[in-house]
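As numbered in the numbering used here, residues 23 to 443 make up the sequence shown, in order.
For glycine and all other residues, C-beta sits at the position ideal for the given N, C-alpha and C.
These numbers were taken from a predicted model, which means no experiment stands behind them.
Let me begin by presenting the structure, written as structure tokens, before commenting on it.
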Amino acid sequence: MTNAPIRRLIWLTSVTLLFIAAISLTPSRALATNPIVEENQQPGSSGWQIFTIADDVNMQIKGYASATSVDQGGNITFYITVTPAQTFSIDIYRMGWYNGAGGRLMQHIGPLSGTQQPAVTLTPSTGLITAPWAPSYTLSIPANWTSGVYLAKLVNENGYGNYIPFVVRDDNRNGGFLFQSGVTTYQAYNNFPDDGFTGKSLYTVNSYGANTISGSPSAVKVSFNRPYANNGAGDFFKWEYNLLRWLEKEGYDLVYSTDFDLHNNPSRPLDFTAFLSAGHDEYWTKPMYDAVENARDAGVHLAFFGANHIYWQARLEPDSNGNPDRTMVVYKNGDIDPVSDPALTTIKWRDLGRPEQELIGIQYASYNDSSNNNTNYVVANSNNWIYNGTGFADGDSVTNIVGYEVDSYQPVYPLPANLNY
23 MTNAPIRRLI WLTSVTLLFI AAISLTPSRA LATNPIVEEN QQPGSSGWQI
73 FTIADDVNMQ IKGYASATSV DQGGNITFYI TVTPAQTFSI DIYRMGWYNG
123 AGGRLMQHIG PLSGTQQPAV TLTPSTGLIT APWAPSYTLS IPANWTSGVY
173 LAKLVNENGY GNYIPFVVRD DNRNGGFLFQ SGVTTYQAYN NFPDDGFTGK
223 SLYTVNSYGA NTISGSPSAV KVSFNRPYAN NGAGDFFKWE YNLLRWLEKE
273 GYDLVYSTDF DLHNNPSRPL DFTAFLSAGH DEYWTKPMYD AVENARDAGV
323 HLAFFGANHI YWQARLEPDS NGNPDRTMVV YKNGDIDPVS DPALTTIKWR
373 DLGRPEQELI GIQYASYNDS SNNNTNYVVA NSNNWIYNGT GFADGDSVTN
423 IVGYEVDSYQ PVYPLPANLN Y
């Protein structure tokens, strides 16, 4: 042990909200107020839901954004295709608790004139798919919009809908919890267009068409210049929305960001008491890893709400027009990755000598077929601080809370130093 301060690090499954109170921080609901508390006192709406979802075959309406996040007072551009050409509207929702409504309508836009944009382009060697579309609408973010995850709900005149997700940051606010949305992992699994013939992700299981340099149909490069498949929201509803709703219901003082923001502003976590990695945050660049490691060493609390975090190293590259960080590169095989710096090779972090367990305290261990039911979580070592306030005793069981990917402590890899387990 060194003289460095003991820090607490929390690992939770993506559905395990039972232990959030164990963070050795005072919930902000016990304080006077904060922007999240004030925001959730506004009238909510369930109108964010889409009941007739546009698909990736007919492309009734699909879109993507120019960036994964935007600061208050900034601009973000949407690229939208409508098939056949017709008018459409955009409703901007902030997602949260809102007394159970789950979202708040912030702005209605339209009707706008829609056009059918060009077909996607494919780079056969890498599997990179892009949607080279003209801009459809630029949204100016009011300076008073609360930081959060926002959805642009696109609806054409025939009633088909789709989403474009983005985060509104508050770059001037410090001190509470920094909530990270893992959009690199959204994109890793994104196989737009999911039409059974064309789409590619970083995974063979949902990629189509000819083999790439990977030796399978899966891509080694994926573009943010394309919509997310199916409902367009990426993995937001699957991995992050329930945590977000709960945290806002409880009144925690949150500022939102994406992993792109961590990559480009690595000192940002130092402005907060805790860094929260939500959902399935699997793909990290070296600047991301370095940033959170530095934050930990500076005394920032870390909480990981899921398994399989920080598993693959990724790189970000500009698109063909020179726009930075619009292409994510993950070869998953050092023999075919042309990078010159071995430390940037896009393979598993543990194979680079930086196992995720050294940061998180545990790491990815096993996969269970998702067609099987979740399994029970059985409490052990209930005297540990993480169970404080829960009432759990050894042997207590929480039904069906362990999902299809599981982390565990692996003795062959080092643990973080100076932590209280």
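C-alpha distance - residue i paired with residue j, whole-angstrom precision
i    : j    : result
I423 : N406 : 20 Å
N264 : V205 : 16 Å
L173 : F258 : 10 Å
I131 : D373 : 48 Å
T2   : N410 : The shown model of the chain, from 23 to 443, leaves out residue 2, and the question about it has no answer.
E60  : M81  : 38 Å
S67  : Y389 : 37 Å
Y435 : A387 : 12 Å
A52  : D275 : Note that A52 has pLDDT 43, beneath the 50 cutoff, so the model's placement of it is unreliable and no number is given.
T421 : D429 : 18 Å
S88  : G413 : 47 Å
R116 : I382 : 30 Å
T90  : G321 : 28 Å
F294 : R191 : 14 Å
Y86  : I98  : 10 Å
Y431 : V400 : 16 Å
G462 : T160 : The structure shown has nothing for residue 462, since the chain only spans 23 to 443.
A402 : I384 : 16 Å
P65  : W334 : 41 Å
G95  : I114 : 15 Å
Y353 : S342 : 19 Å
V104 : K84  : 7 Å
P133 : Y426 : 43 Å
L76  : A141 : According to the sequence shown, residue 76 is Ala rather than Leu. One C-alpha to the other measures close to 16 Å.
Presumed contact (8 Å Cβ cut-off) between residue i and residue j, rounded CB distance
i    : j    : result
I72  : G273 : Not confirmed; about 29 Å, so no contact.
A300 : S419 : That pair is no contact at about 25 Å.
V351 : A336 : 7 Å
S240 : R348 : Wrong, their Cβ atoms sit about 20 Å apart, outside the cutoff.
L200 : L266 : With 8 Å as the limit, L200 and L266 do not qualify as a contact, their Cβ atoms being about 13 Å apart.
Buried versus exposed call for residue i [16 or more other C-beta atoms within 10 Å across all chains shown]
i    : result
P146 : exposed
A107 : exposed
N20  : What is shown of the chain runs 23 to 443, which leaves residue 20 out entirely.
Q138 : exposed
S135 : exposed
When you compare the segment 302-315 with the segment 285-292, are there three or more beta-carbon pairs, one atom per stretch, that lie closer than 8 Å?
yes
Touch check for the segment 234-244 and the segment 154-162: three-plus C-beta pairs under 8 Å?
no
Jot down the residue ranges of each uninterrupted beta strand (DSSP E) in the segment 276-347, minimum 3 residues, whole runs only, in chain order.
276-280, 296-300, 323-327, 337-339
What beta strand (DSSP E) runs, 3 residues minimum, are completely inside the segment 191-248?
199-203, 243-245
Three or more C-beta pairs below 8 Å linking the segment 62-82 and the segment 167-186:
yes
The segment 160-169 touching the segment 249-257, judged by at least three CB pairs closer than 8 Å:
no
Would you say the segment 216-231 touches the segment 322-329, given that touching needs at least three Cβ pairs under 8 Å?
no
Quick test of the definition: if touching needs 3 or more C-beta pairs under 8 Å, does the segment 119-127 touch the segment 210-223?
no
Pairs of beta-carbons, one from the segment 210-217 and one from the segment 189-196, closer than 8 Å: are there three or more?
no
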